Every structure is written in C-alpha cells, then in structure tokens.
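Engineer:
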Amino acid sequence: MKDLFHNISTSTLGHLTDIGYLSNIQSQVPNQKMVGHIVTVKIYPPDASILREALITAQAGEVLAIECAVNDHYACWGELRNLAAQIKKLAGVIIAGNITDIKALRSQPFPVFAQGVSALTTRATSEPQNGEMNIPITLSGITINPGDIAIGDDDGLFVFSEDYAHSIHQAAQDKEQQDKAIKEALLSKFLSQINEIEPI
Numbered sequence: 004m005k006d007l008f009h010n011i012s013t014s015t016l017g018h019l020t021d022i023g024y025l026s027n028i029q030s031q032v033p034n035q036k037m038v039g040h041i042v043t044v045k046i047y048p049p050d051a052s053i054l055r056e057a058l059i060t061a062q063a064g065e066v067l068a069i070e071c072a073v074n075d076h077y078a079c080w081g082e083l084r085n086l087a088a089q090i091k092k093l094a095g096v097i098i099a100g101n102i103t104d105i106k107a108l109r110s111q112p113f114p115v116f117a118q119g120v121s122a123l124t125t126r127a128t129s130e131p132q133n134g135e136m137n138i139p140i141t142l143s144g145i146t147i148n149p150g151d152i153a154i155g156d157d158d159g160l161f162v163f164s165e166d167y168a169h170s171i172h173q174a175a176q177d178k179e180q181q182d183k184a185i186k187e188a189l190l191s192k193f194l195s196q197i198n199e200i201e202p203i
C-alpha cells in the first residue's frame, strides 16, 4: 500500500481529509518525499539512548517516529543518527521535538520532519536507559501506531492507518489526475496567449 502514495502529494491529501495531519511537524530538509510504515519510539529527554536500539531494529524502507515525552528544548536527532538512518536505508524520521546539526542534515538527501531546531541536545545519563519502542505514541495530538503509513513532503505530513490509507488512495489518485489535466489546460492556454502577442 505504501508504494501507491509515492506520487501523491500531501496537498492532494489535504484537499480530501483532515485525518492524520500532523500540523506542527514540518519538513526540515527541502525537496524530500517520505513514504513508509512507521516504527514508533518514545524517549524521555535528556536520555535518548534507546534510539540506538531503534536504529538497529528498524528495517529498510521504514520511518522512525519519535515522541519526546518531555516537551522541552532538547534535540534528540543530529548528523550522526541521520547518517546511521541512511546506512539502514530508512525512509525518513519524524520527531515530535527538535533536531540539531541542521546545516549537515540539509546537505543530506534524507527526509527529516520535526518541530524545530535546538543546540541543546540529549545526552548519556547516569541513570538506566529509559524509553519504549513499538507502542502507540502521540505526535501533534494524534495517536500513532506501529505499522501506520507516513506520507510527507515540503507541504506537510500525514499519518494514516493501513485501512484508512487504502480507503482514501483511489480518491487521492483521481485528484492528482484531475489537477494534472487542469494544469496542462491552463499552461496550454497561457502559451497560446503568449504566442499571439506581437513582438515590439
């Protein structure tokens, strides 16, 4: 199912539904498209050590979705974790929280969706590792489950259950085709008008 959404934009989905829209999480790396099934992680900053296990466990083509249980200024994702995710061939990362090393991240062709940027980072603590994987998490007030489908681009981010993705796909595909036809008609009309203008 996820492969069917690679050519469907989030703005097309936004014409059809409000469901699954993560309103305060935006693309931090321009010109990237992300589609994939979600692996969920919940962390408790400043400790984010469970992300190492998450990166080892996640499979190629999956999207890592991270809930920061403490809503503060800590960034849990930076250049090194971003490189590790690319080595694992993940489809992208979603963070209900902050990222760091933004210049480096924007130089890499990997989809990163987050709430913001911070120089204050998570770190190793003296306490035992805490955090949870593959549980329901909350992003932008929406409950996200392992296996849900994430669809993101420069315009925004949606997360759907497999069943809902299946139910909306045909309407989204039809909308893409309709918009393409309208665009081609408008461009044709525009070009014909340009050609009718006599040169000075």
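Every number in the working numbering is 3 more than the matching position in the sequence shown, counting from 1.
Beta carbons are placed, not taken as given, at the ideal position from N, Cα and C, and that holds for glycine.
Note that the coordinates shown come from a computational prediction; the quantities given were computed from them, not determined experimentally.
1. Is residue 142 helix, strand or coil when you go by DSSP?
2. If you reduce the DSSP assignment to three classes, tell me which class residue 11 lands in.
3. Going by alpha carbons, who is nearest to residue 134 out of 36, 44, 10, 6?
4. Starting from the Cα of residue 36, find the closest Cα among 75, 138, 50, 64 and give me that residue.
5. So what does DSSP say about residue 30, is it helix, strand or coil?
6. On a CA-only basis, which of 23, 50, 116, 32 is nearest residue 75? Give me that one, please.
7. Between residue 89 and the rest of its own chain, which residues show a CB-CB distance below 6 Å, the 5 nearest in sequence each way excluded?
8. Report the start-end ranges of each beta strand (DSSP E) in the region 53-115 that is 3 residues or longer and not cut off at the edges.
9. Taking only the alpha-carbon atoms, compute the straight-line gap between residue 22 and residue 154 and give it to the nearest angstrom.
10. Where does residue 232 sit, in a helix, a strand or coil, going by DSSP?
11. If you check the beta carbons only, do residue 57 and residue 67 fall under 8 Å apart?
12. Would residue 118 pass as a contact of residue 100 if the rule is Cβ separation under 8 Å?
Structural biologist: Reading off the structure:
1. Locating residue 142 in the sequence shown gives position 139, where the first residue counts as 1. In the structure shown, residue 142 sits in a strand (DSSP, three-state: E or B).
2. One-based indexing of the sequence shown puts residue 11 at position 8. Reduced to three states, the DSSP call for residue 11 is coil.
3. Taking the sequence shown and counting its residues from 1, one reaches residue 134 at position 131. Minimum Cα distance to residue 134 is reached at 44.
4. Within the sequence shown, residue 36 is the residue found at index 33, counting from 1. Of the candidates 75, 138, 50, 64, the residue whose Cα lies closest to the Cα of residue 36 is 64.
5. Indexing the sequence shown from 1 puts residue 30 at position 27. Of the three classes helix, strand and coil, the one that applies to residue 30 here is strand, per DSSP.
6. Within the sequence shown, residue 75 is the residue found at index 72, counting from 1. In this structure, 50 is the residue among 23, 50, 116, 32 with its C-alpha nearest to the C-alpha of residue 75.
7. The sequence position of residue 89 within the sequence shown is 86, counting from 1. So the qualifying residues of the chain are 113.
8. As far as the region 53-115 is concerned, its whole beta strand (DSSP E) runs of at least 3 residues are 66-71, 78-80, 95-102.
9. As a first step, residue 22 must be located in the sequence shown, where it is residue number 19. As a first step, residue 154 must be located in the sequence shown, where it is residue number 151. Near 12 Å, if we compare the C-alpha coordinates of residue 154 and residue 22.
10. Since the first residue of the chain shown is 4 and the last is 203, residue 232 is not available in this structure.
11. Your numbering for residue 57 matches position 54 in the sequence shown. Your numbering for residue 67 matches position 64 in the sequence shown. Against a cut-off of 8 Å, the Cβ pair of residue 67 and residue 57 comes out as a contact.
12. Here residue 118 refers to the residue found at position 115 of the sequence shown. Here residue 100 refers to the residue found at position 97 of the sequence shown. Between residue 118 and residue 100, the C-beta spacing is below 8 Å.
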